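In the working numbering, the protein residues as written are 1498 to 1645.
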């Protein structure tokens, strides 16, 4: 299928799906030692999940450009950054405290067009967050079970 070399078990299941009329897409037939999953690299051999290099660099750029003390940004931008950082917590769960100032700043606010100040506390926490991301290799949280 797809005119490319695929592992035998994958080819077998794709042929079965074809015979049963089950649709499938080439981009979803992923195999290899490192698997991409929602912007993360899942390496079952190392038992590690980490951000892709592009995701890693983009996140750092976004946070650094946002962390400009004394500027004002839209509530929507605060919320967007919070969502992005929450996504990163899938790989860096111990960095959750680095979002407390961001959450405090947006708590109880509903008008997405409201302008909020980027203060010193927020900048310090965001830079703390980025400094830890820069030095981390991801999280080793997968475990294997040996069957007897």
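By construction, the Cβ of each residue, glycine as well, lies at the ideal position given by its N, Cα and C atoms.
Please read these numbers as outputs of a predicted model, since none were measured by experiment.
Range covered by the alpha helix (DSSP H) that runs through residue i
{"i": "residue 1622", "result": "1617-1632"}
{"i": "residue 1576", "result": "1572-1585"}
{"i": "residue 1511", "result": "1505-1517"}
{"i": "residue 1599", "result": "1597-1603"}
Helix, strand or coil at residue i [DSSP, three-state]
{"i": "residue 1646", "result": "This structure leaves residue 1646 out entirely; the chain is present only between 1498 and 1645."}
{"i": "residue 1533", "result": "strand"}
{"i": "residue 1543", "result": "coil"}
{"i": "residue 1538", "result": "strand"}
{"i": "residue 1636", "result": "strand"}
Sequence-distant residues of the same chain with beta carbon closer than 6 Å to residue i, five excluded per side
{"i": "residue 1627", "result": "1557, 1560"}
{"i": "residue 1620", "result": "1564, 1566"}
{"i": "residue 1531", "result": "1538, 1540"}
CA nearest to the CA of residue i, picked from the options
{"i": "residue 1523", "options": "1552, 1503, 1563", "result": "1503"}
{"i": "residue 1568", "options": "1532, 1609, 1604, 1613", "result": "1613"}
{"i": "residue 1622", "options": "1540, 1585, 1565, 1598", "result": "1598"}
{"i": "residue 1633", "options": "1586, 1596, 1617", "result": "1586"}
{"i": "residue 1609", "options": "1544, 1554, 1577, 1549", "result": "1577"}
{"i": "residue 1571", "options": "1519, 1607, 1551", "result": "1607"}
{"i": "residue 1590", "options": "1562, 1532, 1629", "result": "1629"}
{"i": "residue 1595", "options": "1611, 1574, 1618, 1544", "result": "1618"}
{"i": "residue 1537", "options": "1544, 1525, 1552, 1543", "result": "1552"}
{"i": "residue 1500", "options": "1554, 1526, 1583, 1600", "result": "1526"}
{"i": "residue 1625", "options": "1592, 1605, 1615, 1544", "result": "1592"}
Residue i beta carbon near the ligand PLP (any heavy atom closer than 7 Å)
{"i": "residue 1543", "result": "Here there are no bound small molecules, and the ligand PLP is not part of this structure."}
Span of the beta strand (DSSP E), counted from its first residue to its last, around residue i
{"i": "residue 1613", "result": "1612-1614"}
Supposed close pair residue i, residue j - CB separation, criterion 8 Å
{"i": "residue 1546", "j": "residue 1636", "result": "6 Å"}
{"i": "residue 1603", "j": "residue 1579", "result": "7 Å"}
{"i": "residue 1662", "j": "residue 1498", "result": "Limits of the chain in this structure are 1498 at one end and 1645 at the other, which puts residue 1662 out of reach."}
Neighbourhood of residue i by C-beta, 7 Å cutoff - its chain only, sequence neighbours within 5 removed
{"i": "residue 1535", "result": "none"}
Cβ shell of residue i (< 8 Å), same chain only, five flanking positions each side left out
{"i": "residue 1575", "result": "1599, 1602, 1603, 1613"}
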